[in-house]
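Working notes for the structure below.
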Amino acid sequence: MSNFTPTPFTVPVYDLMHRSGEMREHELDITVPEAFGNALIGIPEGASMHVDVRLEALHDGILVSADVQTLAKGECGRCLDEIELPVEVDIQELFAYSVDEAFDYTVVEDHIDLEPSVRDAVVLSLPFQPVCRPDCPGLDPETGERLADFPDRKPKEIVDPRWSALAGFQSSESDVAGEAAGDADRAEREKRS
331 MSNFTPTPFT
341 VPVYDLMHRS
351 GEMREHELDI
361 TVPEAFGNAL
371 IGIPEGASMH
381 VDVRLEALHD
391 GILVSADVQT
401 LAKGECGRCL
411 DEIELPVEVD
421 IQELFAYSVD
431 EAFDYTVVED
441 HIDLEPSVRD
451 AVVLSLPFQP
461 VCRPDCPGLD
471 PETGERLADF
481 PDRKPKEIVD
491 PRWSALAGFQ
501 SSESDVAGEA
511 AGDADRAERE
521 KRS
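Counting in the numbering used here, the sequence shown runs from 331 upward without gaps.
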């Protein structure tokens, strides 16, 4: 009894097996059966994915080249707005005829399953910290409001209380520097007179 279960990512290759030099192309329009991605962004369950597949028969297996296009959904890592990012990745993998440690993927019962390689390529292409735009200012740390909604407001600088003792040194150094500049100006005026 076989434990092979076809998935939406499964492609039959019986007409290519052991026919080196043969080539076939397929277009797959897949409804993603299970969500994948990271905590902030990913491909949701039920999303559509288009895969252009090129299968080439080789002596050791089937060489698969694929272009994957889909849409990732998530939220901005700074302001938490919902975002959508187009995802386009290329994959190329060899699906071997025999199980061998040298190959990651194998042909199973005259079929290849693209899901693991597509999943890996798509997830690795997703940004670790997605943003709605490169200059997104994020959220106000005190109120939690989006700073993009209030472009004139600047966030209040919060000083760590552990550094507050140094604030006195900064003001006294600037006072000393200002006095020194004033002394230099007076000396210059006295020279001229």
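Backbone N, C-alpha and C define an ideal beta-carbon position, used for all residues, glycine too.
Terminal residues of the continuous alpha helix (DSSP H) containing V447?
It should be pointed out that residue 447 corresponds to Ser in this sequence rather than to Val. Residues 445-455.
Apart from the five residues on each side of it in sequence, which residues of its chain come closer than 7 Å, Cβ to Cβ, to V343?
L385, I392, V437, D440, H441, I442
In whole angstroms, what is the alpha-carbon distance linking F339 and L424?
16 Å
Assumed close pair V417, L401 - CB separation to whole angstroms, cut-off 8 Å
7 Å
Residue range of the unbroken beta strand (DSSP E) whose run includes S378
S378 -> beta strand (DSSP E) spans 378-387.
Where the beta strand (DSSP E) containing A402 begins and where it ends
391-405
Quick one: using the 10 Å Cβ neighbour count with 16 as the cut-off for buried, is A387 buried or exposed?
buried
Taking the CB atoms as reference points, tell me whether I373 and V362 lie closer together than 7 Å.
Cβ distance < 7 Å, so I373 and V362 count as in contact.
Quick check: V448 and V398, are their CB atoms within less than 7 Å of each other?
yes
Output the distance between the C-alpha atoms of G404 and A365, rounded to the nearest integer angstrom.
12 Å
Taking the C-alpha atoms as reference points, what is the distance between P471 and E414?
25 Å
Please report the distance separating the alpha-carbon of F499 from that of R483.
29 Å
How would you label M353, buried or exposed, when you count the other beta carbons within 10 angstroms and need 16 or more for buried?
exposed
Restricting to Cα atoms, I'd like to know which of A478, G474, Q459 is closest to P530.
As shown, the chain starts at 331 and ends at 523. That puts residue 530 outside it, with no answer to give.
The beta strand (DSSP E) that contains E423, what's its start and end?
412-426
What residue does the beta strand (DSSP E) around G372 start on, and which one ends it?
371-373
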